[in-house]
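Enquirer: Each residue of the sequence shown is one higher than the one before, starting from 1 at the first, in UniProt numbering.
Glycine included, every Cβ here is placed at the ideal spot set by N, Cα and C.
Computed from a prediction, not measured in an experiment: that's the story for all the values here.
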Amino acid sequence: MNPFKLITKPFGCLCSLIGGIILFCILLLILGVALFNRLFPGIVEEYVEIRGGFPVRIDEANWDLLGSAFDIEDVVVENPPNFPEKDFLHIRSLTMEASPNEVLHAINKKETHIKRLELDIERFNWVLTDGGSTNLGLFAKAVEEEAEARTETKTETAAEPATSDQDNTPSGVTVQTWVIRIGTIEVSDYSRGPVQREKIVLNYEREFHDAPGAKTVIEAVAKDMASYRLEPVITRLLASIFMIPDVSKLAGKIESSTDWLEKQTDSFRNVFDEAQE
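(1) Is it buried or exposed, valine 77, if we count other Cβ atoms within 10 angstroms and call 16 or more buried?
(2) Using only CA atoms, which one of Ala98, Thr129, Ala211 lies nearest to proline 81?
(3) By Cβ distance, which residues of its chain are closer than 6 angstroms to glutamine 276, with the 5 residues on each side in sequence left out?
(4) On the DSSP bridge assignment, give the partners of valine 201 in chain order.
(5) Secondary structure at alanine 220, three-state DSSP: helix, strand or coil?
(6) Secondary structure at lysine 115, three-state DSSP: helix, strand or coil?
(7) How is the beta strand (DSSP E) around alanine 61 delimited, first residue to last?
(8) Quick one: give me the first and last residue of the beta strand (DSSP E) that serine 93 is part of.
(9) Who are the near neighbours of glutamate 97 in its chain, counting only those whose CB is closer than 6 angstroms to its CB and skipping five residues on each side?
(10) Express the C-alpha separation of glycine 193 and leucine 119 in angstroms, rounding to a whole number.
(11) Check the DSSP bridge columns for valine 195 and list the partner residues they point to.
(12) So, helix, strand or coil for asparagine 135, using DSSP?
(13) With distances taken from CA atoms, which of Val187, Phe83, Ala61, Glu205 is nearest valine 179?
(14) Using alpha carbons as the reference points, say which of Ile182, His90, Arg57, Trp63 lies closest to isoleucine 218.
(15) I'd like to check one pair, valine 75 with aspartate 64: are the Cβ atoms closer than 9 angstroms?
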């Protein structure tokens, strides 16, 4: 046998073995992503329904590992069973993008930097029942209670003495670019006799760059809604969030609840924290 082949053959076998391991890892990673895409919608649906009481249906979830983009499509949030109408919110898509380096940083440091977040709301159906309750108010209350519960849990955990293997680095979420789209707002009012319906086609879209947080984005979107001459509808929506039948008392309630948007921002951040855990 050629002496050269005697020397190179072991290296060839080693390269073949390494190539096989790499191929196996790639296949395993592909299967893992496919399994994640299949199981993630069901996990989120069950989590939201148990915590908030609002049934959720997610048609599709896709995780592009190479591009580090995560996309959820056709999300339908339903009203609780005691509401006269079924649909509450239809989200056409929710897309989050982050570079591979940022994903690794999020895993190591428990900090998430999202390069781009797009929220495309196709339709929002606000329902006011004959008893005065609203789906938006109950949803906001559920989110707020969840945020408070998580804050209490974190406070109790922080009070415990830290061990050597505990990482006490605070987690956080920053978004470089927000893209918000809102298609249609539908209002169904059952509180004044026969149901009264309003349909407002907005086709609203706006980008926010380097916003300090979700609070800034929410406030800017609310101001934009005012430019559409939707003050009466927006006022009623805000009144429903704070569960105030008399809209004349809305200003005082907002002034005494200036931390409300902060709590909503924390709740969204907690969702990201939950996903990381």
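Expert: With the structure as the only source:
(1) The residue given as residue 77 occupies position 77 in the sequence shown. Under this definition valine 77 is a buried residue.
(2) Counting from 1 along the sequence shown, the entry for residue 81 is found at position 81. Of the listed residues, the one whose Cα sits closest to proline 81 is Thr129.
(3) On the sequence shown, position 276 is the one that residue 276 refers to. For glutamine 276, the predicted structure reports a pLDDT of 46, less than 50, and the residue's modelled location is therefore unreliable. The matter cannot be settled from this model.
(4) In the sequence shown, counting from the first residue as 1, residue 201 sits at position 201. DSSP, once it has assigned bridges, lists Thr184 as partnering valine 201.
(5) As a first step, residue 220 is located in the sequence shown; it is residue number 220 there, counting from the start. If DSSP states are grouped into helix, strand and coil, alanine 220 belongs with the helices.
(6) Sequence index remark: in the sequence shown, residue 115 carries index 115 (1-based). Strand, per DSSP.
(7) Counting from one through the sequence shown, the residue named residue 61 turns up at place 61. Alanine 61 -> beta strand (DSSP E) spans 56-64.
(8) Counting from one through the sequence shown, the residue named residue 93 turns up at place 93. Counting along the chain, the beta strand (DSSP E) containing serine 93 begins and ends at 87-97.
(9) One-based indexing of the sequence shown puts residue 97 at position 97. Only Ala69, Lys115, Arg116 meet the Cβ criterion.
(10) To locate residue 119, count along the sequence shown from 1; it is residue 119. To locate residue 193, count along the sequence shown from 1; it is residue 193. Rounded to whole angstroms, leucine 119 to glycine 193 spans 35 angstroms at the Cα level.
(11) In the sequence shown, the residue the question calls residue 195 occupies position 195. Answer by DSSP bridge pairing: none, since valine 195 is not bridged.
(12) Start at 1 with the first residue of the sequence shown, and residue 135 comes out as number 135. Asparagine 135: helix per DSSP, three-state reduction.
(13) Start at 1 with the first residue of the sequence shown, and residue 179 comes out as number 179. Cα-wise, what sits closest to valine 179 is Glu205.
(14) As a position in the sequence shown, residue 218 is number 218, starting the count at 1. With distances taken between Cα atoms, isoleucine 218 lies closest to Ile182.
(15) What you label residue 64 is simply residue 64 of the sequence shown in a count that begins at 1. What you label residue 75 is simply residue 75 of the sequence shown in a count that begins at 1. No, they are not a contact pair.
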